[in-house]
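Colleague:
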Amino acid sequence: MILAAARAAAIAAGMLVGVAASALAAANAPAVPNADVTRLLDRAGVLMAWPTHGVITLEYKGRLTREGHFEHPHATRTYESLRRVYVASPERIRQDFSTWVAGDTVLGVETTLLINGHVLHRDDETAPWVALNGREAAMAARFVRGATPALALGDAREHAARATITGAGGRSPALSWPDSTGRVWTLHFDGTNAAPVVLESATANDWEGDIADSTVFGPDRASAGFWAAQSVHTRTHEADDGWWLDETLQGAQWHNAPTNPYEAVNGPRVEEVMPAPVVAVADPAPVLVPLAPHVWAIELPDADTRSVVMEFAGHLIVLDASAGSRQGEAILATIRAHLPRKPIRFVAFSHYHPDYSGGLRPFLADSITILCAPGNADDVREIAARRFTRRPDRLERRSHGAWTPRLELLGTPVWTDADSVNELRVIDIGARSNHTDSYLVFVLPRDGIVFEGDLGFFTRGGKRVASRRARGLVLALDAAGVKCERVVQGWPVRGNASEIKMRELRELVGPQQP
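All residue numbers for the sequence shown refer to numbering that gives the first Met the number 0, where the first residue is 0 and numbers rise by one.
#1: To the nearest angstrom, how far is it from the Cα of A87 to the Cα of Q94?
#2: Distance, Cα to Cα, D219 vs H352?
#3: Could you tell me whether the Cβ atoms of L131 and A139 are closer together than 7 Å?
#4: Relative to the C-alpha of N495, which residue among R505, A469, P510 and G455 is closest?
#5: Leaving out the 5 sequence neighbours to the left and right, which residues in its chain are closer than 6 Å to H434 when beta-carbon positions are compared?
#6: Just to confirm before moving on: does the CB-CB distance between Y78 and T56 stay below 7 Å?
#7: If we count Cβ pairs, one from each stretch, closer than 8 Å, do we get three or more for the stretch 441-458 versus the stretch 478-490?
#8: Where does A173 fall in DSSP's three states?
#9: Starting from Q326, trace the beta strand (DSSP E) both ways and give me its first and last residue.
#10: Does R390 come out as helix, strand or coil in the three-state DSSP assignment?
#11: Over the uninterrupted alpha helix (DSSP H) stretch that includes D35, give me the two end residues.
#12: Please report the distance separating the alpha-carbon of M501 from that of D436.
#13: Classify N204 as buried or exposed, calling it buried when 16 or more other Cβ atoms lie within 10 Å of its own Cβ.
#14: Report the rounded CA-to-CA distance for S466 versus I114, giving the unit in angstroms.
#15: Checking the sheet assignment: what are the DSSP bridge partners for N495?
#16: Given a threshold of 16 other Cβ atoms within 10 Å of its Cβ, counted over all protein chains shown, does T233 qualify as buried or as exposed?
#17: Thinking C-beta only, is G67 closer than 7 Å to D240?
#18: Ends of the beta strand (DSSP E) at F311?
#19: Would you identify the three-state DSSP class for N204, choosing helix, strand or coil?
#20: With 16 other CB atoms within 10 Å as the buried threshold, where does T75 fall?
#21: Put L359 into one of helix, strand or coil per three-state DSSP.
#22: Where does G509 land, buried or exposed, given buried means 16+ other C-beta within 10 angstroms?
#23: Do F387 and E381 have their C-beta atoms within less than 7 Å of each other?
#24: Can you look up D354 in the DSSP assignment and give me helix, strand or coil?
#25: Spell out the partners DSSP gives C483 in its beta bridges.
#26: Select from V346, V143, E109 and I448 the residue whose C-alpha is nearest the C-alpha of R405.
#27: Buried or exposed for Q249, going by 16 or more other Cβ atoms inside 10 Å?
#28: Roughly how many whole angstroms lie between the Cα atoms of L106 and W242?
#29: With R502 as the anchor, note down where its alpha helix (DSSP H) starts and where it stops.
#30: Between G400 and A384, is the Cβ-Cβ spacing less than 7 Å?
#31: What's the C-alpha gap between V420 and R445?
#32: Taking L315 and L338 to be in contact with their CB atoms under 8 Å, please state how far apart those CB atoms are, rounded to whole angstroms.
#33: Tell whether a beta-carbon distance below 7 Å holds between W176 and R156.
#34: Could you check if R565 is buried or exposed, using at least 16 other CB atoms within 10 Å of its CB as the buried criterion?
#35: Checking 7 Å against the spacing of the C-beta atoms, do S179 and E199 come in under that value?
#36: So what's P29 in DSSP terms, helix, strand or just coil?
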């Protein structure tokens, strides 16, 4: 579950490189490890020599906490976890990982294989194998190698030719290197026995700004002739959420038998699932689509989101702000290049999830008022205060983390703006959304349009189906007396129609029960 979510988020986000200066220094590193790097790796390797035959199996039990797309900001979900890692060699590793909640009777197992530099993954035992590439492969491999200090050391050895000895802020010595995506990682070693103790990387993304991922190894011990960690703490930020995992070693076993647990996975041949090489392409340009007189949609294919811009007699209103600071800038640039030369008075977002509020920072930098539900005011303040020092955006350059947003809060169930050109009604349907505690839907009564974020419909197998939240949306609109002909949706854009007739959505939902 967790790796599947991480993979999807990574593809949608396209997170870029880490610290530019460190990456530049690493790019100029010699083709072979320097003497200091070699000595450090060799010293640590005395503790963590790889077996010459057989397989070592490590088993960890733990608790995974995920923070992300839940009912309110900073809400979390907690799952029990089980991880088994089979190590045949540094180039041949298998991981089985399961998460579950109390009461689950069937546990799904997702498996990752590291085979001679390739990363293969399947979401469960019945799913097809997929060959990962680029950043998603790096993320999956990092999680597998974070199971034990010996595997983290193997990761450092793989990149030794580009590694440098670095200062470590009290944890000395340390080794830094850029991975295949350009992201810089640092492995800290125990000063007394050279055992790896922390693997970490400081980087940035377009939603949270400055972030740091890490794996912290608890006290080490030799288990079954293999140097393992009694505990592992993993912290990972994804494009639009994050998770942390606290695990305790249950045991390590040495398998020196004809039947090799690693070979018995019934896995595929690598060449059967390897995808075509990934070709880097520029982000596709935003697509401007007229929806009605004085109303446009701005579709961002790279973020898989849709925003709406409404023109009034003397101003514009933007509805939903996409997934990150870079996407917010793209929306602003599109408005200024193609739409009426009027000031943007308000930006409203349907709910706090990053695909709708992540692009607020450019609008904040221009002192544009943010319209939101009272329950989301603190989240807007937090977005304004985030630091973007590793990849400065416009708000960081202007504010350095000290910025007070202009807010307008819905003080009544319905907020209205209307003049001779256009009319907007904003309704907080709250828990009726079956999604978040506060959820704004946008009604354009003169055009018979309702714009909503992600409550309505999806396309599966070429057919439209109602989402599990659509019933609540329809009931809430009926309770508010909203009459509309068209429902326009903000997410997803890829593979999904932009809108549906209201009568068709009612048919998909079926008979309504209050």
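From the three backbone atoms N, C-alpha and C, an ideal C-beta is built for every residue, glycine too.
Remember, predicted model here, so these are calculated numbers, not experimental data.
Modeller: Answer, in terms of the structure:
#1: As a working mapping, residue 87 is identified with position 88 in the sequence shown. As a working mapping, residue 94 is identified with position 95 in the sequence shown. Their backbone Cα atoms lie some 12 Å apart in a straight line.
#2: The count along the sequence shown starts at 1 and reaches residue 219 at position 220. The count along the sequence shown starts at 1 and reaches residue 352 at position 353. Rounded to whole angstroms, D219 to H352 spans 39 Å at the Cα level.
#3: Translated into positions along the sequence shown, residue 131 becomes position 132. Translated into positions along the sequence shown, residue 139 becomes position 140. Yes; because the gap between Cβ atoms is below 7 Å, this pair is in contact.
#4: Taking the first residue of the sequence shown as 1, we reach residue 495 at position 496. That would be G455, whose Cα lies nearest to the Cα of N495.
#5: Working through the sequence shown from its first residue, we reach residue 434 at position 435. Cβ neighbours of H434 beyond the five flanking positions: R468.
#6: As a first step, residue 78 must be located in the sequence shown, where it is residue number 79. As a first step, residue 56 must be located in the sequence shown, where it is residue number 57. No, these two residues do not count as a Cβ contact at 7 Å.
#7: Yes, they touch.
#8: Residue 173 sits at position 174 when you count from the first residue of the sequence shown. In the structure shown, A173 sits in a strand (DSSP, three-state: E or B).
#9: By 1-based counting over the sequence shown, the position of residue 326 is 327. Segment S324 to H337 is the alpha helix (DSSP H) holding Q326; no beta strand (DSSP E) there.
#10: The residue given as residue 390 occupies position 391 in the sequence shown. DSSP places R390 in coil when its eight states are reduced to three.
#11: Here the question's residue 35 lines up with position 36 in the sequence shown. Per DSSP, D35 belongs to the alpha helix (DSSP H) from A34 to L46.
#12: One-based indexing of the sequence shown puts residue 501 at position 502. One-based indexing of the sequence shown puts residue 436 at position 437. When rounded, the distance between both Cα atoms is 24 Å.
#13: Start at 1 with the first residue of the sequence shown, and residue 204 comes out as number 205. Counting Cβ neighbours within 10 Å, N204 comes out buried, since at least 16 surround it.
#14: As a working note, residue 466 is residue 467 in the sequence shown. As a working note, residue 114 is residue 115 in the sequence shown. Between S466 and I114, the alpha-carbon positions lie close to 39 Å from each other.
#15: As a working note, residue 495 is residue 496 in the sequence shown. Partner(s): none; N495 has no beta bridge.
#16: On the sequence shown, position 234 is the one that residue 233 refers to. Classification for T233: buried.
#17: For this step, residue 240 is matched to residue 241 along the sequence shown. For this step, residue 67 is matched to residue 68 along the sequence shown. Cβ distance < 7 Å, so D240 and G67 count as in contact.
#18: Counting from 1 along the sequence shown, the entry for residue 311 is found at position 312. Note, F311: premise wrong, no beta strand (DSSP E); not H, not E.
#19: As a first step, residue 204 is located in the sequence shown; it is residue number 205 there, counting from the start. If DSSP states are grouped into helix, strand and coil, N204 belongs with the strands.
#20: The sequence position of residue 75 within the sequence shown is 76, counting from 1. Classification for T75: exposed.
#21: Position 360 of the sequence shown, counting from 1, holds the residue named residue 359. The DSSP-derived three-state label of L359 is coil.
#22: Counting from one through the sequence shown, the residue named residue 509 turns up at place 510. It is exposed - the Cβ of G509 has fewer than 16 other Cβ atoms within 10 Å.
#23: Your numbering for residue 387 matches position 388 in the sequence shown. Your numbering for residue 381 matches position 382 in the sequence shown. No. Outside cutoff.
#24: One-based indexing of the sequence shown puts residue 354 at position 355. The answer is helix: DSSP assigns D354 an H, G or I state.
#25: For the purposes of this step, residue 483 is identified with residue 484 of the sequence shown, where counting begins at 1. Paired residue(s): none; C483 is not in a bridge.
#26: Along the sequence shown, read from residue 1 onward, the residue named residue 405 stands at position 406. Answer by Cα proximity: V346.
#27: On the sequence shown, residue 249 is found 250 positions in, with the first residue counted as 1. Exposed.
#28: As a working note, residue 106 is residue 107 in the sequence shown. As a working note, residue 242 is residue 243 in the sequence shown. Roughly 20 Å separates the two Cα atoms.
#29: Locating residue 502 in the sequence shown gives position 503, where the first residue counts as 1. Run containing R502: M501 to V508, per the alpha helix (DSSP H) assignment.
#30: For this step, residue 400 is matched to residue 401 along the sequence shown. For this step, residue 384 is matched to residue 385 along the sequence shown. Against a cut-off of 7 Å, the Cβ pair of A384 and G400 comes out as a contact.
#31: Translated into the one-based positions of the sequence shown, residue 420 becomes position 421. Translated into the one-based positions of the sequence shown, residue 445 becomes position 446. Taking the straight line from one Cα to the other gives about 10 Å.
#32: Here residue 315 is taken as the residue at index 316 of the sequence shown, counted from 1. Here residue 338 is taken as the residue at index 339 of the sequence shown, counted from 1. About 7 Å separates the two Cβ atoms, so the contact holds.
#33: Counting from one through the sequence shown, the residue named residue 176 turns up at place 177. Counting from one through the sequence shown, the residue named residue 156 turns up at place 157. No. Outside cutoff.
#34: Since the first residue of the chain shown is 0 and the last is 513, residue 565 is not available in this structure.
#35: To locate residue 179, count along the sequence shown from 1; it is residue 180. To locate residue 199, count along the sequence shown from 1; it is residue 200. No, these two residues do not count as a Cβ contact at 7 Å.
#36: Stepping through the sequence shown from its first residue, residue 29 is reached at position 30. Any reading at P29 must be qualified, since the residue scores a pLDDT of 43, below 50, and its modelled position is unreliable; the value itself is stated next. DSSP places P29 in coil when its eight states are reduced to three.
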